[in-house]
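In numbering that gives the first Met the number 0, the protein residues as written are 0 to 265.
Beta carbons: idealized from backbone N, C-alpha and C, even for Gly.
For clarity, every value in this text was computed on a predicted model and none was experimentally measured.
In what follows, a structure is listed as structure tokens, so that the remarks can point back to it.
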Amino acid sequence: MKKRIDALMGMLRNFIAYLPLLNNLVSRELKRKYRQSVLGYLWCVLNPLGVMLIMYLVFSTMFHNSIENFPVYLFAGRMMFSLVTDGTNGMIRSFVSNGALMRKARIPYYIFPMSVFFSTVVNFFFQLIAFAIVLIATRTPLTVHILAFPVVFLQTAIFTFGLGLFLAMADTFIRDTAYIYSVFLTAWMYITPLFYPLSALPDFMQYLISHFNPTYFYATQARDVFLYHQWPEVALMLRGFAAAFIALAVGLYAYQRGKDKIILYI
């Protein structure tokens, strides 16, 4: 236990020491994503709005009458799901894609998935601007319950980083991981009630999703805050934090076990 604590403290000290480098890597990730785009960072707002509009046009005819304020329901759920999927999708190849730099410089390897993670967080904040436009367009008021949203975001961010770090380690040693995960994401999207109500599913599916699907925890809490104007359920928050810290523990454990071998596989 003492060795693990010392290792975590060492990571924390390195993290502080390499903050300027992390800032440069985050900036590089953002610039690389939009450098050949005419509209640049404006796509961070336009893209989620466009995707939401398409999904709204497709699914509103099926679920509009059964879901209150369907645009906000759809966007609130999708932006939390996108934080998880965009972050993990970017992090999964972060070691492999930075192999040349890792071989040339003595840098803590976790800096690379972390830089991708923080660039995803920046994109998420741009999505909040798009979400604000949706709230204004649908005349959805904001209440005191939005004070709970930072807690919802914290859960989702911790889960995303932990899962992304684990996937980055797995993909370093088993290149099939990224391909398998892309297939899994498709299934994950459909078993997360993003554009349909949970009540549309059979009872046993409702139980499994409401108790074991982390993205459901985070999407539902966001909807409680912005759509239903209520505090998220304590049980749901506890499940969200439990999933987040389990993912973080698994990710950190995988990194500690395999970090010395990464350079041999990239």
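Give the straight-line distance between the Cα atoms of residue i and residue j, rounded to the nearest whole angstrom.
| i | j | result |
| --- | --- | --- |
| Ile15 | Met168 | 22 Å |
| Arg222 | Met188 | 17 Å |
| Met236 | Lys103 | 43 Å |
| Asp175 | Gly89 | 15 Å |
| Phe267 | Pro196 | In the structure as shown, the chain starts at 0 and stops at 265, and residue 267 therefore has no counterpart that could be examined. |
| Ile53 | Tyr217 | 23 Å |
| Leu100 | Gly250 | 22 Å |
| Phe165 | Pro192 | 25 Å |
| Glu232 | Arg27 | 39 Å |
| Leu18 | Ser114 | 10 Å |
| Ser118 | Tyr252 | 23 Å |
| Ile132 | Val71 | 10 Å |
| Pro47 | Gly98 | 31 Å |
| Ile142 | Gln220 | The displayed chain sequence assigns Thr, not Ile, to residue 142. Cα to Cα, the separation comes out at about 14 Å. |
| Thr155 | Ile110 | 20 Å |
| Arg105 | Ile262 | 11 Å |
| Val25 | Gly239 | 27 Å |
| Ile190 | Asp259 | 37 Å |
Is it buried or exposed, residue i, if we count other Cβ atoms within 10 angstroms and call 16 or more buried?
| i | result |
| --- | --- |
| Asn22 | exposed |
| Thr84 | buried |
| Val37 | Here the model assigns Val37 a pLDDT of 48, short of 50, so the residue's position is not dependable and the matter cannot be decided. |
| Arg138 | exposed |
| Tyr108 | buried |
| Tyr206 | exposed |
| Tyr215 | buried |
| Gln229 | exposed |
| Val182 | exposed |
| Thr185 | exposed |
| Gly49 | exposed |
| Ala234 | exposed |
| Ala75 | buried |
| Arg256 | exposed |
Consult DSSP for residue i and reduce its assignment to one of helix, strand or coil.
| i | result |
| --- | --- |
| Tyr227 | coil |
| Thr159 | helix |
| Glu232 | coil |
| Ala315 | Examination of residue 315 is not possible in this model, given that the chain is present from 0 through 265 alone. |
| Ile261 | helix |
| Arg256 | helix |
| Pro47 | helix |
| Pro201 | coil |
| Ile66 | coil |
| Pro140 | coil |
| Arg174 | coil |
| Asn212 | coil |
| Tyr189 | helix |
| Tyr180 | helix |
| Tyr109 | coil |
| Tyr217 | helix |
Starting from residue i, trace the alpha helix (DSSP H) both ways and give me its first and last residue.
| i | result |
| --- | --- |
| Val95 | 93-96 |
| Phe194 | Looking at the DSSP string, Phe194 is not in any alpha helix (DSSP H), and its letter there is neither H nor E. |
| Arg77 | 69-90 |
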